[in-house]
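A.B. asks: Please read through the structure below; I'll follow up with questions.
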Amino acid sequence: MSSLNAASPVSFILTADRARAKPFYVGVLGLPILSEDAFAVTLGLASGAIVRLTDLPGHEAKAHTVLGWNVPDIGASVAELKAKGITFRVYEGFGQDDDGIWEAPEGGAKVAWFTDPDGNVLSLTQLG
């Protein structure tokens, strides 16, 4: 077994304005701050994974998902985040339901997408 298989992942999310992004990740999404320095805020997840909210002046978000969470009940998770003011994205041609949840044609996953203050795409996934 690789030592990486036993290690917790570290994800990096770029932000052009950490002062704007930090309240979203901490206050809205509820991620605790583990540390903060001149370059990034390190946030923790209950799984042991780490997210580094990293400064990059002039950062422009891309269209793809940069971070996602596997959740046991996507409907409940979407409702919880909507209650906190998050709007879920609807993509033309995906056939998402009224809550913005897309279901894979074979039924293997359900996914909903939303964005952070920088426009980075985040997602919720319910497998199987």
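In this text, residue positions in the sequence shown follow my numbering: the first is 3, and each later residue adds one. No residue lacks a Cβ here, since even glycine has one placed at the ideal position from N, Cα and C. Fair warning: this is a prediction, and the values are worked out from it, not measured in the lab.
With distances taken Cα to Cα, identify the nearest neighbour of residue 88 among 96, 75, 95 and 27.
C.D. replies: Here residue 88 corresponds to residue number 86 of the sequence shown, with the count starting at 1. The residue with the shortest Cα to Cα distance from residue 88 is 27.
A.B. asks: Between the C-alpha atoms of residue 32 and residue 107, what's the straight-line distance to the nearest angstrom?
C.D. replies: Position 30 of the sequence shown, counting from 1, holds the residue named residue 32. Position 105 of the sequence shown, counting from 1, holds the residue named residue 107. Between residue 32 and residue 107, the C-alpha separation is close to 32 angstroms.
A.B. asks: Decide yes or no for the touch test of the region 55 to 63 against the region 17 to 25: beta carbon pairs closer than 8 angstroms, at least 3 of them.
C.D. replies: yes
A.B. asks: For residue 111 versus residue 128, is the C-beta spacing smaller than 8 angstroms?
C.D. replies: The sequence position of residue 111 within the sequence shown is 109, counting from 1. The sequence position of residue 128 within the sequence shown is 126, counting from 1. Taking a C-beta distance under 8 angstroms as the contact criterion, residue 111 and residue 128 qualify as a contact pair.
A.B. asks: For residue 121, tell me which candidate among 100, 16, 44 and 12 has the shortest Cα-Cα distance.
C.D. replies: Residue 121 sits at position 119 when you count from the first residue of the sequence shown. Measuring from the Cα of residue 121, the nearest candidate turns out to be 16.
A.B. asks: Assuming residue 69 contacts residue 13 under a Cβ cut-off of 8 angstroms, what Cβ separation, rounded to an integer in Å, is found between them?
C.D. replies: Here the question's residue 69 lines up with position 67 in the sequence shown. Here the question's residue 13 lines up with position 11 in the sequence shown. At roughly 5 angstroms, the Cβ-Cβ gap stays under 8 angstroms, so residue 69 and residue 13 are in contact.
A.B. asks: If the criterion is Cβ atoms closer than 8 angstroms, does the pair residue 101 and residue 77 meet it?
C.D. replies: Walking along the sequence shown from the start, residue 101 turns up at place 99. Walking along the sequence shown from the start, residue 77 turns up at place 75. The answer is yes: Cβ separation under 8 angstroms.
A.B. asks: Work out the CA separation of residue 114 and residue 45 for me, nearest whole Å.
C.D. replies: The sequence position of residue 45 within the sequence shown is 43, counting from 1. The sequence position of residue 114 within the sequence shown is 112, counting from 1. Looking at the two C-alpha atoms, the distance is approximately 22 angstroms.
A.B. asks: So residue 30 packs on residue 86, CB below 8 angstroms; how close in whole Å?
C.D. replies: As a first step, residue 30 must be located in the sequence shown, where it is residue number 28. As a first step, residue 86 must be located in the sequence shown, where it is residue number 84. Indeed they touch by this definition, with Cβ atoms about 5 angstroms apart.
A.B. asks: Going by DSSP, name the residue or residues bridged to residue 124.
C.D. replies: Residue numbering aside, residue 124 sits at position 122 when the sequence shown is read from its first letter. DSSP output for residue 124 lists 69 and 116 as bridge partner(s).
A.B. asks: Judging by CA-CA distance, which residue of 5, 37 and 126 is the nearest neighbour of residue 81?
C.D. replies: Sequence index remark: in the sequence shown, residue 81 carries index 79 (1-based). Checked all of 5, 37 and 126; the closest Cα to residue 81 is 126.
A.B. asks: Please state whether DSSP places residue 94 in a helix, a strand or coil.
C.D. replies: For the purposes of this step, residue 94 is identified with residue 92 of the sequence shown, where counting begins at 1. Here residue 94 sits in coil by DSSP.
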